[in-house]
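One structure below.
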Amino acid sequence: MDLFSRTDLEQLLEDDSGVCLSLYMPTHRRAGREARQDSLRLKNLLEAAEQRLAALKRRSPEIMQKLRWARSFLNDEDFWKHQSLGLALFASPQTTRYYRLPVRFSESVAVDRRFHVGPLLNFLTDNLPFHILAISQKHVRLLSADRQTVQQLHLKDLPDSLAAALWYKEPEKLLQMRSSAPGTPGSYHGEGDDTREPDVDVLEFVRAVEGPVTAHLQRHQTPLILAGSQPTTGLYRRVNSYNRLVDAGIEGSPDELTDQELQERAWPLIEPLAHQPVEGAKGSFSRLSAIAPKRVSADVAEALKAAREGRVDSLLFSYGTGGRPAAAFREHLGPEHLTADVYEDLLEAAISETLRRGGQAFPLSQADMPTDSTVAAVMRY
């Protein structure tokens, strides 16, 4: 699987070559007969792409060179051995890219003014950047993660242990405090025990961690998952001032867990949050349809015009029962949109223009759309 992030999406959206090839196809993870079928599928799609370029009279030396790059994968056994569920391939006079992703794309090829990025949004919509704070008295780690990646951050003022936070105190006293048995002075028994006060050193340690962590997160505004054991995590929640700390956390000592294992345990806690923006957009469309109908549209041409004016806040879209952008070509494009050198899919254009101007675009099944149309736009004004 290849990595694909919002940054990758933005780079695809920036390409204004005017002749952009977008190719999507399902693939198989296993080598052998399935891989040979995938290679043949790619061959057929590239032939279809060349035919479209010829029909549009856009077979320039630059784009034909990029097609030769794509054809180099046809007999590349190593390439086909390392597939995921779907392959997305992009070529223009400016760039060539491919992504092997855990999304079973429907087979399609398009030549357009800009890259078709709609199918990729199924992957990104279900993703959400977040942070993990793995905290114990022995070790502190702050991780930046999403559904597929994780990396440790090293903040300048973040102590990596209680000893590091309280370096100026006598080591013997710190050791005594950390090894105290439950019920003896020097131990803290969590939020539910109101009969004891937290150890002053533990409280100072947790505050030393919370300060730089919150300062960093305020700039990113991502959810934070707390990983650790009571009493440390309970005390951290008590002093926390960051408003996106998730109620659920990873219980138990994080010291024996790798960064990847922490990410895998955190994602099920984050996944429900990833779906909140699309549900909010659906609710806004339904509400505004009743009280301010001029701020919504279910017409793709009108949505595209508004997107180019920077007025679309959220764009819900579906590829219809056919499941592919090809359906959008047939439904929305008439002869007036097709010339010798221009071929524009209105739905894909609306998606790109919305994203390029700071809006959000969400792919849905037709059954989940808040309207019978394949597009539902919510306007800023």
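In terms of the numbering used here, the sequence shown is residues 302 to 682. Ideal Cβ positions, reconstructed from N, Cα and C, are used throughout, including at glycine.
Exclusion of the five residues before and after Asp427 leaves Ala575 as the residues of its chain whose Cβ lies within less than 6 angstroms of its Cβ. Rounded to the nearest whole angstrom, the C-alpha separation of Glu511 and Tyr537 is 7 angstroms. Rounded to the nearest angstrom, the gap between the Cα atoms of Gly611 and Glu654 is 8 angstroms. Cβ-Cβ distances below 6 angstroms link Thr672 to Ala599 in the same chain, with the five nearest sequence neighbours on each side left out; the list follows chain order. The closest CA to that of Asn345, considering only Phe380, Leu304, Val410, Ala528, is found on Val410. For Asp458, the CB contacts under 6 angstroms within the same chain, skipping 5 residues up- and downstream, are Pro513 in chain order. Gly419 and Leu324 have their C-alpha atoms spaced approximately 12 angstroms apart. Annotation: the segment 334-367 contains the following complete segments of the alpha helix (DSSP H) (minimum length 4 residues), in chain order: 334-356. Residues Val441 of the same chain have their beta carbon placed closer than 6 angstroms to that of Asp461, with the five preceding and five following residues left out of the count. Straight-line measurement puts the Cα of Arg681 at about 46 angstroms from the Cα of Leu375. Here the alpha carbons of Leu402 and Pro532 stand approximately 41 angstroms from one another.
Assigned with DSSP and collapsed to three states, Ser445 falls in strand. Sorting Ala677, Tyr543, Ser530 by C-alpha distance to the C-alpha of Glu603 places Ala677 at the top.
Per DSSP, Leu429 lies in no alpha helix (DSSP H) and is assigned neither H nor E. Ala336 and Trp370 have their C-alpha atoms some 19 angstroms from each other.
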